[in-house]
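Going down the list, the protein sequences come from chains R and W. Position one of the first sequence corresponds to residue 851 (our numbering), numbered consecutively onward. Position one of the second sequence corresponds to residue 884 (our numbering), numbered consecutively onward. We put the beta carbon where it would ideally sit given N, CA and C, even for glycine.
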Amino acid sequence: MKNENMLIIEAGRAEKHYWADLWRYRELFYILSWRDIAVRYKQTVIGIAWAILRPLLTMIVFTVIFGRLAKFPSDGNVPYAIMVYAAMLPWQFFASSVSDSSNSLIDNTQLITKVYFPRIIIPISSVVTSFIDFLVSFVILIFLMFYFKFNPSWNILYLPVFLMIAFITAAGVGLYITALNVKYRDFRYIVPFIVQFGLYISPVGFSSSIIPGEYRLLYSMNPMVGVIDGFRWAILGAKSTIYLPGFLMSIGVMLFFLIFGIYKFRKMEKTFADII
Amino acid sequence: MSNIVIKAEGISKSYLIGHKSNERYMALRDVIANKTRGLWSKMHNIRLNAHKNIEEFWALKNISFEVQQGERIGIIGRNGAGKSTLLKILSRITEPTTGRVSIKGRVASLLEVGTGFHPELTGRENIYLNGAILGMTRREIKAKFDEIVAFAEVEKFLDIPVKRYSSGMYVRLAFAVAAHLEPEILVIDEVLAVGDAQFQKKCLGKMEEVEKEGRTVLFVSHSMQAIRGLCQRAILIEAGTVVADGKSDEVIQCYLQVIPKAKTPELLEMMIRQLPFDPAFRLESVRLLQSGLPVTSSISNGEPLEIEVSYQVLERTIGLRVFFDLYDNENSLLFRSFNDEYAEGAPIVEPGRYVSRAVITADLLAPTNYELRILATVFNVRMCIPYPGICIPLYVERTGKSNRAYMIEPIRGKLAPVFNWTTNCLGGL
Chain R
851 MKNENMLIIE AGRAEKHYWA DLWRYRELFY ILSWRDIAVR YKQTVIGIAW AILRPLLTMI
911 VFTVIFGRLA KFPSDGNVPY AIMVYAAMLP WQFFASSVSD SSNSLIDNTQ LITKVYFPRI
971 IIPISSVVTS FIDFLVSFVI LIFLMFYFKF NPSWNILYLP VFLMIAFITA AGVGLYITAL
1031 NVKYRDFRYI VPFIVQFGLY ISPVGFSSSI IPGEYRLLYS MNPMVGVIDG FRWAILGAKS
1091 TIYLPGFLMS IGVMLFFLIF GIYKFRKMEK TFADII
Chain W
884 MSNIVIKAEG ISKSYLIGHK SNERYMALRD VIANKTRGLW SKMHNIRLNA HKNIEEFWAL
944 KNISFEVQQG ERIGIIGRNG AGKSTLLKIL SRITEPTTGR VSIKGRVASL LEVGTGFHPE
1004 LTGRENIYLN GAILGMTRRE IKAKFDEIVA FAEVEKFLDI PVKRYSSGMY VRLAFAVAAH
1064 LEPEILVIDE VLAVGDAQFQ KKCLGKMEEV EKEGRTVLFV SHSMQAIRGL CQRAILIEAG
1124 TVVADGKSDE VIQCYLQVIP KAKTPELLEM MIRQLPFDPA FRLESVRLLQ SGLPVTSSIS
1184 NGEPLEIEVS YQVLERTIGL RVFFDLYDNE NSLLFRSFND EYAEGAPIVE PGRYVSRAVI
1244 TADLLAPTNY ELRILATVFN VRMCIPYPGI CIPLYVERTG KSNRAYMIEP IRGKLAPVFN
1304 WTTNCLGGL
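The structure is reproduced here in structure tokens:
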């Protein structure tokens, strides 16, 4: 009787081996992410169009409303459209991650009640799918830069750092909402509202520099403020500035959501198969 | 000792069931409403009765058994006896409340064929997807790919989405992937009940191959024939406990003789609450009545049996049909009856609360065991109550006037209808 092959099932057991199991099931994680992406881009034209049109159209509306009609200032002399689009990218990624992952477990009920694997794989693979959309939308930014003859600075090399922060924030918030969504089945009606609301309280259509100094730290409680400012700084260069205390605050909030999200998700996970 | 591959020691599983609410899950609005009500009554010094509506239900109680390597074991029991819960624990979908199971070797469980199949993906893609879900590595799938395709007989359709497959092809492909798993222990739930007769034969053949390779199989089925043919040993589970464990033939005999325990109203209620959500149909209750009084499962065959199904229709639906199946004790369907048998076109059902009643006439059932299964469907669209449905065992007692003169005579068939006989004397000799 070889010990490494022994599987013990008892109350609370899966708990201890959770992260080891997650590693063992990594292949399933790849394949589930691949499935979601394959299904979305099956009809290539529609898939890509979806990833492009959503941020592009919202950007145009915001540029017209905030830039032209309300005449909000841009960061330095950066074209307003680019400033908005640089924020639209991480925002869209965050929003679709949160709303897709929150429904992911319910959509995969069949799987969950028939096969064992660490459930965290499912919402995280929705975040990965949204990330692919993000990459597709990113191509448009490059076109926009050509169109406005805008030269990015070397700051852009820091972009992966901010991407990572966006990813972790999306995953943390997504996990927490996923857990809520399974527990309270009417929570899904609230999610689109949160996402909609977030779009307006995050500095997507405007620069966060228009927020009065004394409220800036408070404003940075929204983790997406740090991410969006970071994106702008990386893409637009020094013309956009990062408000450091606010940025650190955003990172703190991000870490809080990550730990809290995983904790809540794990707590809920034990009973998933029983209540779904 | 060394060739024991599964050792279950006193496993139990309890579920908490809410008593009064019909909800299967919580809704945020209810939580908020309850909290507010609580606050309100606290402010006004009204004592809410702290009566809790939650009750513990033990789906499994202290189950212990051991399985030797290479054994094929059938698990039998009536619906709701706890078989599925046991399988779920063995396949780690849910954890036992107490007790422990030690398993040596890789376990693959097939609680359903085609788990995770995505209709938009092609046959080829689904083989990889399903394989990964069942626990195969990409390399293993690649190595077995041709064999799987040949087994499923879908070579020509590999690159079209499975949504265009016929249901036969779909099931064949799904089973083929499962059949090529190579775990040391295979846990199977009724998957043989799929496909046409020829394909079933092929599957049974595959299962026998599995045995030759020395793999251990746990097989849950309602088909006594399949259990008899495939398993040397069987375990009978009744109301969450092991009732018999031994040679298949003996245990099956025992199963057929056991008088089904009456299903308590709580259990029935719990089964109804555990039904998956359906957008148009919501089952409220199922009652059996004889001469106006509710009966649980002991039925007299001399009186008509009224089946009363209450439900809500949540949206306007065409072709919503409520029906029941009557099975005999060997799991063959005797008959099926729909609530709209006489409708000329598919009726349009408006939202509202409904009660459908059916009467099984007196002097039709034989004094034996049956299982009544309540189901609902939207014709040609989906099942509103998934198979096998709400299963209610019926133990019929002989009270009818028929055959009264010859009470000693045993049952004469699966049903005992009384027909209009006339016997005339044509004159003396």
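(1) Please give the ranges of any alpha helix (DSSP H) in the stretch 909-934 of chain R, keeping only runs that are unbroken, at least 4 residues long and fully inside the region.
(2) Rounded to the nearest angstrom, how far is the Cβ of Pro973/R from that of Gln942/R, given a contact under 8 Å?
(3) Could you give the residue range of the beta strand (DSSP E) that holds Phe1206/W?
(4) Please classify Pro1023/W: does DSSP put it in a helix, a strand, or coil?
(5) Using a Cβ-Cβ distance cut-off of 7 Å, determine whether Gly1097/W contacts chain R.
(6) Check the Cβ-Cβ distances between Met938/R and every residue of chain W, and say whether any is below 7 Å.
(7) Could you give the DSSP three-state label for Gln951/W: helix, strand or coil?
(8) When the Cβ atoms of the stretch 962-971 of chain R are set against those of the stretch 1090-1103 of chain R, are three or more pairs found closer than 8 Å?
(9) Glu1119/R touches chain W at which residues, Cβ-Cβ below 9 Å?
(10) Can you give me the C-alpha to C-alpha distance between Glu906/W and Asp913/W, rounded to a whole angstrom?
(11) From which residue to which residue does the beta strand (DSSP E) around Ile1257/W run?
(12) Determine the extent of the beta strand (DSSP E) in which Glu1167/W is found, giving its start and end residues.
(13) For the beta strand (DSSP E) holding Ile970/R, just list the boundary residues, first then last.
(14) Can you find a C-beta in chain W that's less than 7 Å from the C-beta of Asp1036/R?
(15) State the DSSP-derived secondary structure class of Gln960/R, mapped to helix, strand or coil.
(16) Just to make sure I have the definition right: I need the residues of chain R whose C-beta is within less than 9 Å of the C-beta of Pro979/W. Which are they?
(17) Return the residue from the list Cys1137/W, Ile976/W, Gly957/W and Ala1229/W that minimises the CA-CA distance to Phe1262/W.
(18) Indicate whether at least one CB of chain W lies closer than 7 Å to the CB of Tyr966/R.
(19) Rounded to a whole number of angstroms, what is the C-alpha to C-alpha distance between Phe1164/W and Phe1028/W?
(20) Taking contact to mean 3 or more Cβ pairs, one atom from each stretch, closer than 8 Å, check whether the stretch 1173-1189 of chain W and the stretch 1218-1236 of chain W are in contact.
(21) What number of angstroms, rounded off, separates the C-alpha of Glu1133/W from the C-alpha of Leu1030/R?
(22) May I have the straight-line CA-CA distance separating Met1203/W from Asp1223/W, to the nearest angstrom?
(23) Using CA atoms only, rank isn't needed, just tell me which of Glu1030/W, Asp1161/W and Lys896/W is closest to Val1264/W.
(24) Taking C-alpha atoms, which residue in Arg890/R, Pro1073/R and Leu1068/R lies nearest to Asp983/R?
(25) I want to verify the contact list: residues of chain W whose CB lies under 9 Å from the CB of Glu1064/R, in sequence order.
(26) Is the CB-CB distance between Ile1068/W and Thr1020/W below 7 Å?
(27) What are the boundary residues of the beta strand (DSSP E) that Thr1099/W is part of?
(28) Pick out whichever of Gly893/W, Arg989/W, Arg955/W and Val888/W has its Cα sitting closest to the Cα of Ser1104/W.
(29) Is the stretch 1072-1081 of chain R close to the stretch 986-994 of chain R, with three or more CB pairs under 8 Å?
(30) Can you say whether Trp873/R is buried or exposed, counting buried as having 16 or more other CB atoms within 10 angstroms of its CB?
(31) Would Thr998/W pass as an interface residue toward chain R - the criterion being a Cβ-Cβ separation below 7 Å?
(32) If we ignore side chains and look at the alpha-carbon of each, how far apart do Leu1139/W and Ile1071/W end up?
Considering the structure as presented:
(1) none
(2) Not confirmed; about 18 Å, so no contact.
(3) Where Phe1206/W is concerned, the enclosing beta strand (DSSP E) starts and stops at Leu1203 to Asp1211.
(4) One point to set straight first is that residue 1023/W is Glu, not Pro, in the sequence displayed. If DSSP states are grouped into helix, strand and coil, Glu1023/W belongs with the helices.
(5) no
(6) No, because no Cβ of chain W sits closer than 7 Å to the Cβ of Met938/R.
(7) strand
(8) no
(9) Proximity of chain W to Glu1119/R at the Cβ level (cut-off 9 Å) is not reached, the minimal Cβ distance being about 11 Å.
(10) Only weak support exists for where Glu906/W lies, its pLDDT of 48 falling under 50; the coordinates are left without a value.
(11) Asn1252 to Val1261
(12) Phe1164 to Gln1173
(13) No beta strand (DSSP E) holds Ile970/R; DSSP gives it neither H nor E.
(14) yes
(15) helix
(16) Ile859, Glu860 and Ala861, listed in chain order.
(17) Ala1229/W
(18) Yes, Tyr966/R counts as interfacial toward chain W.
(19) Taking the straight line joining both Cα atoms gives about 41 Å.
(20) no
(21) 49 Å
(22) It is worth fixing the name first, because residue 1203/W is Leu in this sequence and not Met. Each residue's alpha carbon lies about 9 Å from the other.
(23) Asp1161/W
(24) Arg890/R
(25) Within 9 Å Cβ-Cβ: nothing; Glu1064/R doesn't reach chain W, min ~34 Å.
(26) no
(27) Thr1099 to Val1103
(28) Arg955/W
(29) no
(30) exposed
(31) Closer than 7 Å to some Cβ of chain R, the Cβ of Thr998/W qualifies, so yes.
(32) So the two alpha carbons sit approximately 22 Å from each other.
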